[in-house]
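Worksheet: the structure to be examined is printed underneath.
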Amino acid sequence: MPKKEKIVKVKNKSALNSFQAPKGMRDVLPMDQLWWDRIEKTAKELADFYNFGRIDTPILEPAELFQRTVGVDSDIVEKEMYVLKTKSGNLLAMRPEGTASVARAYLEHGMSKMGQPQKLYYIGPMFRHENPQFGRLRQFSQVGFEIIGALNDSIYDAQIILLFDRLLKNLKIKNVVLKLNSIGCRVCRPGYKKQLQNYYKNHEDGLCGDCKRRLKTNPLRLLDCKKEECVKLKEKAPIFLDKLCASCTRHFKAVLEYLDEIGISYGLDNTLVRGLDYYSQTVFEFLAEGVDVGSLAGGGRYDYLMELIGGRITPAVGGAVSFERLIEVMKSQDVKLPVKSTRKVFLIHVGDLAKKKSLKIVEELRAAGIVVAEALGKESIKSQLKVADKQKNLIALIFGQKEIFEESIIIRDLHTGLQETVLLSKMVSEIQRRWREKSEIN
RNA sequence: GUGCCUAUAGCUUAGUGGUAAAGCUCCGCUCUGUGGAAGCGGCGAUAUGGGUUCAAUUCCCAUUAGGCACCCCA
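Just so we're aligned, residue 1 is where the first sequence starts under the working numbering, counting upward by one.
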């Protein structure tokens, strides 16, 4: 018996005291929602302006969707994917990224028959089982833009890049650096891969362990390695841009020309490869200099993706940014959020009878479109005023015994401390009059 | 996944092998129909589990979480 008691006690204690959000996953409290709202609003505005339609896809997808698109050898699929088995034995994965899901939806709903290209954007959480650190979480949110269908036209690549450039600018993020590269197509990539392999084979002894392995599986990744010995070898490695086929060269050159035309500056980075298999031709990455959160936004062209999941080759280009990284950068760059100036009145009751009637007054105000704050649970007029003050309300309405009798209410200007009594029937119009005056002054 | 550092109240930080301290915040009172100030008071913590010990918040181990690096990415 005593034994059992002990167990129960222990259980209780840990249940009560030690629940924490899972590793790498966070709560976003009301005070932080301001940042999220700001980004979401900015993204939506841009999406509307450039005619992108919102698409929401499930958080779970068949695990195979990501294996086929992102690549079985990629880190994301190989070691970072949350996979779960359903009761019927299917393997589902919590999406590690958004593009594959959008592509799946595009195919599933026959969106190729809906007017091309389809311009789509999504906002939502992604999941990758990695070790968290600054700007890196297991659950993070992305907003992504995709242009799918129509022709393989460089102008779409430029539009996607433009969109992210504008998003970062509108969020007042400074020191943004854009890196670009082209990783070729089916025609030119195999040849380049071979040249790269040949080059590195001659220097295999100088490579780090990982790279020795990658040499066979995914030689492009060698360019990504940050180990000292590999970085050195990289200097003399063949450069992809020199080996692109004629049409890839033309395509990439056109992208650069469009960017020049709209005044977006960029740097070419022949080591920019990206860890997702579905990219071809243009790849890009935005960084914020001085804030080390990894890449802020990234993406590229993925013409072969549809084919990988059972469709036909479909020109497409897209990218994504992470909310969390944007917020980290904005905070460390000291970006100020625009102050929300919702106009509210604060209702104060005095006494039980007034309290009883106050809900009705709140409803009356709401019906007139007037936002009402209150602390109806508090009793003393003092503490209610304190709350009103703390919330920076400008107008307080005071309603008590005397006012009930007179069918009136006190309107108090919390700034000047001046107040006047008006009839309840005139309450709404008086508040509106005051607001009108205020906005005329401003 | 690996390595290093960390964990005391909602937040920021003291401190000790023997009753855990403060500032801010929050709540209340002074002031029961009038806020912002001040004074007073209150709530509230040693992440979890185990070990050493007469005694652990302190020392040791494990777990969990956070930070950093590697890897990779958004």
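Ideal Cβ positions, reconstructed from N, Cα and C, are used throughout, including at glycine. Being a predicted model, the structure only gives us computed values, none of them experimental.
Worksheet entry | Neighbourhood of L217 by C-beta, 6 Å cutoff - its chain only, sequence neighbours within 5 removed | As a first step, residue 217 is located in the first sequence; it is residue number 217 there, counting from the start. Checking the sequence shown, residue 217 turns out to be Thr, not Leu. D73.
Discussion item. Just to confirm, is the Cβ distance from N181 to L268 under 8 Å?
Written reply: Walking along the first sequence from the start, residue 181 turns up at place 181. Walking along the first sequence from the start, residue 268 turns up at place 268. Yes.
Practice prompt. Could you check what DSSP says for Q133 in three-state terms: helix, strand or coil?
Written response: Sequence index remark: in the first sequence, residue 133 carries index 133 (1-based). Correct three-state label for Q133: strand.
Practice prompt. Taking K426 as the reference, give the member of T416, Q419, I370, I409 with the closest Cα.
Written response: Along the first sequence, one-based indexing puts residue 426 at 426. It is I409.
Worksheet item: In terms of residue numbering, what span does the alpha helix (DSSP H) encompassing H251 cover?
Response: On the first sequence, position 251 is the one that residue 251 refers to. Unbroken alpha helix (DSSP H) run through H251: 246-261.
Fill in: V345 versus T57: straight-line alpha-carbon distance, rounded
The count along the first sequence starts at 1 and reaches residue 345 at position 345. The count along the first sequence starts at 1 and reaches residue 57 at position 57. Cα to Cα, V345 sits roughly 40 Å from T57.
Worksheet item: For the beta strand (DSSP E) that contains F127, what are its first and last residues?
Response: Stepping through the first sequence from its first residue, residue 127 is reached at position 127. First-last of the beta strand (DSSP E) with F127: 118-127.
Worksheet entry | Other residues of its chain near L163: CB distance less than 7 Å, five sequence neighbours each side excluded | The sequence position of residue 163 within the first sequence is 163, counting from 1. Cβ neighbours of L163 beyond the five flanking positions: L46, Y50, F145.
Item to complete: State the DSSP-derived secondary structure class of S429, mapped to helix, strand or coil.
Response: As a working note, residue 429 is residue 429 in the first sequence. In the structure shown, S429 sits in a helix (DSSP, three-state: H, G or I).
Worksheet item: With which residues is R301 paired in a DSSP beta bridge?
Response: Start at 1 with the first residue of the first sequence, and residue 301 comes out as number 301. S280, V317.
Worksheet item: Hey, L207 and T271: beta-carbon distance below 8 Å or not?
Response: Sequence index remark: in the first sequence, residue 207 carries index 207 (1-based). Sequence index remark: in the first sequence, residue 271 carries index 271 (1-based). No, the Cβ-Cβ distance between L207 and T271 is not below 8 Å.
Worksheet item: Starting from L385 and walking both ways along the alpha helix (DSSP H), at which residues does that stretch end?
Response: In the first sequence, residue 385 corresponds to position 385, counting from 1. Unbroken alpha helix (DSSP H) run through L385: 381-390.
Practice prompt. Alpha carbon to alpha carbon, how far is M126 from E64? Give it in angstroms, no decimals.
Written response: If you number the first sequence from 1, residue 64 lands on position 64. If you number the first sequence from 1, residue 126 lands on position 126. Going by the C-alpha atoms only, they are around 16 Å apart.
Worksheet item: So E97 is in the beta strand (DSSP E); what residue range does that whole segment cover?
Response: Locating residue 97 in the first sequence gives position 97, counting from the first residue. That residue, E97, is in no beta strand (DSSP E); it is neither H nor E in DSSP.
Worksheet item: Based on Cα-Cα distance, which residue from G263, R343, G377 lies nearest to L359?
Response: In the first sequence, the residue the question calls residue 359 occupies position 359. The shortest Cα separation from L359 among G263, R343, G377 belongs to G377.
Worksheet item: By how many angstroms is the C-alpha of D413 removed from the C-alpha of L276?
Response: What you label residue 276 is simply residue 276 of the first sequence in a count that begins at 1. What you label residue 413 is simply residue 413 of the first sequence in a count that begins at 1. Rounded to whole angstroms, the separation of the alpha carbons of D413 and L276 is 59 Å.
Practice prompt. Answer with buried or exposed for M114, where buried requires no fewer than 16 other C-beta atoms within 10 angstroms of its C-beta.
Written response: Sequence index remark: in the first sequence, residue 114 carries index 114 (1-based). Classification for M114: exposed.
Fill in: Contact set for K243: own chain, Cβ-Cβ below 8 Å, skip 5 residues either direction
By 1-based counting over the first sequence, the position of residue 243 is 243. Contacts found: G184, C188, G191, Y192, Q195.
Fill in: Burial state of I361, where buried means 16 or more other Cβ atoms lie within 10 Å
As a working note, residue 361 is residue 361 in the first sequence. Here I361 is buried. Its C-beta has 16 or more other C-beta atoms within 10 Å.
Practice prompt. Return yes when the Cβ of Y278 is within less than 8 Å of the Cβ of L305, no when it is not.
Written response: If you number the first sequence from 1, residue 305 lands on position 305. If you number the first sequence from 1, residue 278 lands on position 278. Cβ atoms of L305 and Y278: closer than 8 Å.
Worksheet item: Hey, would you say T99 sits closer than 8 Å to Y302, going by beta carbons?
Response: Reading the first sequence from its first residue, position 99 is the one you call residue 99. Reading the first sequence from its first residue, position 302 is the one you call residue 302. Contact: yes.
Worksheet item: Excluding the five sequence neighbours on either side, which residues of its own chain have a C-beta within less than 8 Å of the C-beta of I59, listed in chain order?
Response: Locating residue 59 in the first sequence gives position 59, counting from the first residue. Excluding residues within five positions, the ones whose Cβ falls inside 8 Å are M94, R95, G124, P125, F127.
Practice prompt. Ignore the nearest five residues each way along the sequence and tell me which others in K4's own chain have a CB closer than 7 Å to its CB.
Written response: In the first sequence, the residue the question calls residue 4 occupies position 4. A caution first: K4 carries a pLDDT of 27, below 50, which makes its placement in the model unreliable, though a value can still be read off. In its chain, beyond the 5 residues on either side, no residue has a beta carbon closer than 7 Å to the beta carbon of K4.
Discussion item. Suppose contacts are defined by Cβ-Cβ distances below 8 Å. Is A316 in contact with I173 by that definition?
Written reply: The residue labelled residue 316 in the question sits at position 316 within the first sequence. The residue labelled residue 173 in the question sits at position 173 within the first sequence. Taking 8 Å as the Cβ cut-off, A316 and I173 do not qualify as a contacting pair.
Item to complete: Closer than 8 Å by C-beta to P62: which residues in its own chain qualify, once you throw out the five before and the five after it? Chain order, please.
Response: By 1-based counting over the first sequence, the position of residue 62 is 62. Only N90, L91, L92, A93 meet the Cβ criterion.
Discussion item. Going by DSSP in three states, G53 sits in which element: helix, strand or coil?
Written reply: By 1-based counting over the first sequence, the position of residue 53 is 53. The answer is strand: DSSP assigns G53 an E or B state.
Discussion item. With distance defined between alpha-carbon atoms, name the residue in M31, Q142, V273 nearest to I39.
Written reply: If you number the first sequence from 1, residue 39 lands on position 39. Comparing alpha-carbon positions, the option among M31, Q142, V273 lying closest to I39 turns out to be Q142.
Worksheet item: Along the chain, which unbroken stretches of the alpha helix (DSSP H) at least 4 residues long are found entirely within the stretch 208-242?
Response: 209-217, 228-234
Worksheet entry | Local Cβ density within 10 Å of S322, reported as buried at 16 or more and exposed below that | For the purposes of this step, residue 322 is identified with residue 322 of the first sequence, where counting begins at 1. So S322 counts as buried.
Worksheet item: With respect to the beta strand (DSSP E) encompassing I398, which residues constitute its N-terminal and C-terminal limits?
Response: Here residue 398 refers to the residue found at position 398 when the first sequence is read from its first residue. Taken as a continuous stretch (DSSP letters only), the beta strand (DSSP E) holding I398 covers 395-399.
Worksheet entry | N-terminal and C-terminal residue of the beta strand (DSSP E) that E407 is part of | For the purposes of this step, residue 407 is taken as residue 407 along the first sequence, with counting starting at 1. Counting along the chain, no beta strand (DSSP E) covers E407, and no H or E run does either.
Worksheet item: Excluding the five sequence neighbours on either side, which residues of its own chain have a C-beta within less than 6 Å of the C-beta of N12, listed in chain order?
Response: The residue you call residue 12 lines up with position 12 of the first sequence. Low confidence applies here, because N12 scores a pLDDT of 36, under 50, leaving its location unreliable; read the following figure in that light. Nothing meets the Cβ criterion.
Worksheet item: So, using beta-carbon positions, are F134 and E328 closer together than 8 Å?
Response: Position 134 of the first sequence, counted from the start, is the residue given in the question as residue 134. Position 328 of the first sequence, counted from the start, is the residue given in the question as residue 328. Yes, Cβ-Cβ distance for F134 and E328 is below 8 Å.
Discussion item. Report the CB separation of I404 from L353 in whole angstroms; it is logged as a contact under 8 Å.
Written reply: The sequence position of residue 404 within the first sequence is 404, counting from 1. The sequence position of residue 353 within the first sequence is 353, counting from 1. The pair is a contact, with the Cβ atoms about 6 Å apart (cut-off 8 Å).
Practice prompt. Assign I431 to buried or exposed, taking buried as 16 or more other Cβ atoms, counted over all protein chains shown, within 10 Å of its Cβ.
Written response: Indexing the first sequence from 1 puts residue 431 at position 431. By the neighbour-count rule (16 or more Cβ atoms within 10 Å), I431 is buried.
Worksheet item: Hey, out of D157, F240, W36, whose CA is closest to V273's CA?
Response: Counted from its first residue, the first sequence places residue 273 at position 273. Nearest C-alpha to V273: F240.
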